[in-house]
Ligand code: ATP
Ligand code: MG
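In our numbering, the protein residues as written are 1 to 201.
Pasting the structure below:
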């Protein structure tokens with residue numbers, strides 16, 4: 001089995017996440033993609049993150065029309081900070097050690113990978129698929145140098161559709177009362193409006 005992991009705050013989930021996951025699934029012939037909303041991302045401690053029940057609900061709504069997409073609340077159920085290393089260890093326990101895990105990571109996040117908790121151990125345990133993100137140009141050789149030649153074989157680069165969408169922009173649009181149509185699945189848009197998320201006017 002080859003499983004893709006799409007981790008994120010998903011505050012809210014948008015077509016950038018979904019299109020990237022689908023492209024990676026095809027290119028790497030993955031058996032499924034597991035979307036894992038993060039509980040308390042260590043790098044986003046400064047910002048207020050929307051209640052996890054809403055982020056989970058939106059992730060489920062956004063992925064339900066793709067039979068290869070699954071959602072896991074494992075990070076939400078865990079106490080303490082969300083470390084990807086713990087998640088990968090847990091997934092290896094669930095799926096067996098022969099299952100290959102491919103963590104999908106945007107170019108913006110790859111630039112910080114060396115700062116992640118136990119980054120070198122993490123890169124040995126699973127694959128990283130670094131996807132392109134608009135406006136982000138990262139020095140891949142710097143990443144290779146940090147992790148060394150052998151470990152970098154677990155870091156793959158792939159070109160994915162670059163949709164200029166970010167959760168930050170979406171939250172701002174909603175705050176300003178602007179449309180988010182065609183940037184998120186309809187069910188997600190409806191959910192946001194119904195629950196009055198991001199609308200602190
Ligand atoms: P925020 O603006 O709040 O940081 P975000 O849009 O970056 O939100 P995250 O939940 O932080 O979304 O991202 C989760 C993962 O999805 C990261 O690896 C990120 O690089 C990737 N990602 C986010 N948006 C896109 C996009 N438009 N295209 C490709 N990858 C994306
Ligand atoms: Mg981000």
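Glycine included, C-beta positions come from ideal geometry on N, C-alpha and C.
| task | Put residue 111 into one of helix, strand or coil per three-state DSSP. | result | coil
| said: Let me check one thing: in DSSP terms, what residues is residue 15 bridge-paired to? | reply: Looking at the DSSP assignment, residue 15 forms no beta bridge with any residue, so it has no partner.
| field | When 90, 13 and 107 are compared against residue 99, the one with the closest alpha-carbon | value | 90
| Given that a residue counts as buried once 16 or more other Cβ atoms are within 10 Å of its Cβ, and exposed if not, what is residue 143? | buried
| message | According to DSSP, is residue 6 part of a helix, a strand, or is it coil? | response | strand
| Just how far apart, CA to CA, sit residue 7 and residue 161? | 18 Å
| message | Does the stretch 188-196 come into contact with the stretch 70-84, if we say contact requires no fewer than three beta-carbon pairs (one atom in each stretch) closer than 8 Å? | response | no
| query | If we call anything under 8 Å between Cβ atoms a contact, is residue 188 one with residue 61? | reply | yes
| query | Should residue 96 be counted as a contact of the ligand ATP given a C-beta to heavy atom distance under 7 Å? | reply | no
| request: Kindly indicate which three-state DSSP category residue 95 falls into: helix, strand or coil? | output: helix
| Roughly how many angstroms lie between the CA atoms of residue 145 and residue 23, to the nearest whole one? | 27 Å
| What are the partner residues of residue 68, as DSSP defines its beta bridges? | In DSSP, residue 68 forms no bridge with anything.
| message | Classify residue 118: buried if its beta carbon has 16 or more other beta carbons within 10 angstroms, exposed otherwise. | response | exposed
| How big is the Cα-Cα spacing for residue 33 and residue 157? | 18 Å
| task | Return yes when at least one heavy atom of the ligand ATP lies under 7 Å from the C-beta of residue 10, else no. | result | yes
| Proximity to residue 184 [Cα-Cα], best of 52, 13, 107 and 108 | 13
| query | What residue from 86, 10 and 107 has the CA that sits closest to residue 155's CA? | reply | 107
| query | Straight-line CA distance for residue 191 to residue 95? | reply | 32 Å
| Per-residue burial, residue 130 [other beta carbons within 10 Å of its own, 16 or more giving buried] | buried
| query | Can you tell me the Cα-Cα spacing of residue 25 and residue 85, whole angstroms? | reply | 22 Å
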